[in-house]
Amino acid sequence: MFNMRLNLSRKKYYYALVALTVGCLLVGGMAKTHFAKAPIKPESFPVVRTQLIQAATAGQDYTYAGEVRGRHESQLAFQVTGKIIKRNVQLGSIVNVGDVLMQMDAKDIQQTVSSNSAQIYSAQSQLKLAESNLNRYRQLLDSGAISHAQYDQYVNTYDAAAAAVQQAAAQYTQGANQLDYTLLKADQTGVVSAITAEAGQVVSTGQTVVTVVQDGEQEIEINVPENRLEEFKTAGQLRVTFWALPNVTLNGNVREIAPMADPTTRTFKVRVSLLNPPPSVKLGMTATVALFGGAAQSAFSIPLSALYQTGNTPAVWVVNDNILTLRPIQTGLFGNSTIQVLAGLQPGDWIVSAGVHKLTEGQRVKTTGDAL
12 MFNMRLNLSR KKYYYALVAL TVGCLLVGGM AKTHFAKAPI KPESFPVVRT
62 QLIQAATAGQ DYTYAGEVRG RHESQLAFQV TGKIIKRNVQ LGSIVNVGDV
112 LMQMDAKDIQ QTVSSNSAQI YSAQSQLKLA ESNLNRYRQL LDSGAISHAQ
162 YDQYVNTYDA AAAAVQQAAA QYTQGANQLD YTLLKADQTG VVSAITAEAG
212 QVVSTGQTVV TVVQDGEQEI EINVPENRLE EFKTAGQLRV TFWALPNVTL
262 NGNVREIAPM ADPTTRTFKV RVSLLNPPPS VKLGMTATVA LFGGAAQSAF
312 SIPLSALYQT GNTPAVWVVN DNILTLRPIQ TGLFGNSTIQ VLAGLQPGDW
362 IVSAGVHKLT EGQRVKTTGD AL
């Protein structure tokens with residue numbers, strides 16, 4: 012009996028051990044299957060479009076767009092404040108010296124002139140009376156009827172009356188001038204190139220209302236970046252072409268270079284005189300000035316979308332071994348959706364050409380790109 016119980020205990024122990032072993036194997040297999048099926052996520056990097064900088068040399072010819080202008084321009088303004096009641100010219104009107112271009116309401120000034128005229132009449136009457144009294148009392152002085160002190164009073168009265176006449180005359184002259192200033196007249200023969208005020212408008216003293224370009228010399232006004240300014244100072248003849256006159260090509264000379272740059276565009280105004288322009292060249296036409304003989308230098312054109320602005324310094328993202336580096340550059344002329352890079356890039360550089368404002372220094376990226 013004891014042996015039977017011992018055998019049964021051994022069998023139970025054996026079966027329990029087998030069940031435990033099988034359970035462990037099943038759990039281990041399931042865990043292994045679970046971990047084997049779990050995917051390993053690779054590290055993700057943003058994809059950027061890049062372009063390759065290839066060797067290029069900026070040509071020696073540079074072109075600048077400008078406008079045909081007259082060498083001598085008069086910006087005319089009224090010398091008094093008032094309301095314009097009449098305009099006698101249109102854009103393109105030919106005017107001669109003395110022609111009335113605009114007229115201002117002169118009612119108030121006319122009243123002042125009339126008042127000054129009456130003051131002259133009154134002052135002259137007082138002077139005549141003072142002169143009559145002075146002559147009469149001179150005779151009394153000669154006869155000893157009055158003293159010198161009494162006579163001096165009439166001399167002073169006469170002098171004051173004479174001064175009053177001069178003052179009234181000066182006021183009248185000033186008023187007459189003001190009345191004449193209500194007529195804006197051409198000071199030279201030329202063509203009306205701009206009108207900046209209309210009838211019914213109140214303008215102040217010195218406010219430009221009409222611009223007249225004098226007949227004669229014509230020139231082109233262009234804007235030149237500071238890195239090209241020195242070339243214009245030593246330039247010989249320039250070539251000038253016109254968009255509206257494709258068959259007309261003229262020579263030009265640099266006449267004037269502005270001493271200071273425009274605070275907004277940071278460019279210098281340059282005036283180029285035209286040599287013997289034909290009558291077909293009209294004021295206001297768009298022209299292109301070509302400069303020859305500039306020093307050659309390495310330059311590249313990159314898309315405007317590649318430009319990253321940090322403060323006042325332009326820069327681009329350069330990709331090296333899929334790592335981004337922000338590199339400052341020096342820019343030149345603008346093109347059609349492009350900008351010229353004069354310094355900061357070398358042939359073989361890869362730059363990010365789009366989406367530049369979403370990137371950071373040292374960031375790892377994936378690239379896809381073209382060659383510039």
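Add 11 to a position in the sequence shown, counting from 1, and you land on the number used in the numbering used here. Quick reminder that beta carbons are idealized off the backbone N, C-alpha and C, glycines included.
Residues in the same chain with beta-carbon distance under 8 Å from residue i, minus the five sequence neighbours each way, listed in chain order, please.
| i | result |
| --- | --- |
| N333 | F56, R375, V376, K377, T378 |
| V38 | Confidence is the limiting factor: at V38 the pLDDT is only 47, short of 50, which leaves the residue's position unreliable, though a coordinate-based value still follows. Excluding positions up to five away in sequence, the list is empty. |
| S291 | L256, V259 |
| V166 | L145 |
| H368 | Y319 |
Would residue i count as contacting chain C if we go by Cβ distances under 8 Å?
| i | result |
| --- | --- |
| V79 | In the structure shown, chain C does not exist; there is a single protein chain. |
Taking residue i and residue j to be in contact with their CB atoms under 8 Å, please state how far apart those CB atoms are, rounded to whole angstroms.
| i | j | result |
| --- | --- | --- |
| I340 | L315 | That belief does not hold up - the Cβ atoms of I340 and L315 are roughly 13 Å apart, past 8 Å. |
| V176 | A134 | 4 Å |
| T342 | V352 | 6 Å |
| T193 | V91 | 6 Å |
| N264 | V281 | Incorrect: roughly 11 Å between the Cβ atoms, too far for contact. |
| L87 | N99 | Wrong, their Cβ atoms sit about 13 Å apart, outside the cutoff. |
| E372 | T336 | 7 Å |
Which residues in the same chain have their Cβ closer than 7 Å to the Cβ of residue i, if we skip the five residues on either side of it in sequence?
| i | result |
| --- | --- |
| G77 | I231, E232, I233, A298, V300 |
| P288 | Q229, L261 |
| Y169 | A141, E142, L145 |
| A210 | I95, I96, K97, R98 |
| G366 | V59 |
For residue i, does the count of other Cβ atoms within 10 angstroms reach 16, so buried, or fall short, so exposed?
| i | result |
| --- | --- |
| L102 | exposed |
| S204 | buried |
| D360 | buried |
| F243 | buried |
| Q122 | exposed |
| Y183 | buried |
| S143 | exposed |
| H45 | Low local confidence applies: a pLDDT of 45 at H45 is under 50, so the model's placement there is unreliable, with the coordinate-based value given in what follows. Classification for H45: exposed. |
| V213 | exposed |
| P236 | buried |
| F345 | exposed |
| G93 | buried |
| G81 | buried |
| I105 | exposed |
| A179 | buried |
| A172 | buried |
| G186 | buried |
| A156 | exposed |
| I313 | buried |
Using the three-state DSSP reduction, which class does residue i fall into: helix, strand or coil?
| i | result |
| --- | --- |
| V376 | coil |
| K94 | strand |
| L315 | helix |
| K280 | strand |
| V367 | helix |
| T275 | coil |
| K43 | Low per-residue confidence applies at K43: pLDDT is 46, beneath 50, and the placement is therefore not dependable, though the value from the model is reported in the following sentence. Of the three classes helix, strand and coil, the one that applies to K43 here is helix, per DSSP. |
| I64 | coil |
| S348 | coil |
| N331 | strand |
| I340 | coil |
| A269 | coil |
| Q86 | strand |
| Q101 | coil |
| G81 | strand |
| Q320 | strand |
| L353 | strand |
| L294 | coil |
| L302 | strand |
| P358 | coil |
| L17 | With a pLDDT of only 42 at L17, under the threshold of 50, the placement of this residue in the model should not be trusted; the figure read from the coordinates follows. Helix at L17. |
For residue i, I'd like the list of residues in its chain whose CB is within less than 6 Å of its CB, leaving aside the five on either flank, ordered along the chain.
| i | result |
| --- | --- |
| V363 | V59, T61, W328 |
| G247 | none |
| F253 | V259, M296, A298 |
| G217 | A88 |
| L370 | W328, L335 |
| D273 | none |
| E267 | R282 |
Does at least one heavy atom of the ligand FMN sit under 7 Å from the Cβ of residue i?
| i | result |
| --- | --- |
| Y73 | Although the ligand FMN was asked about, the structure shown includes no ligands whatsoever. |
So within the region 169-217, which uninterrupted beta strand (DSSP E) runs reach at least 3 residues, ignoring any that extend past its ends?
194-196, 201-206
Report the start-end ranges of each alpha helix (DSSP H) in the region 110-179 that is 4 residues or longer and not cut off at the edges.
118-153
Kindly provide the ranges of any alpha helix (DSSP H) runs that are 4 or more residues long and lie completely inside the region 222-264, ordered along the chain.
240-244
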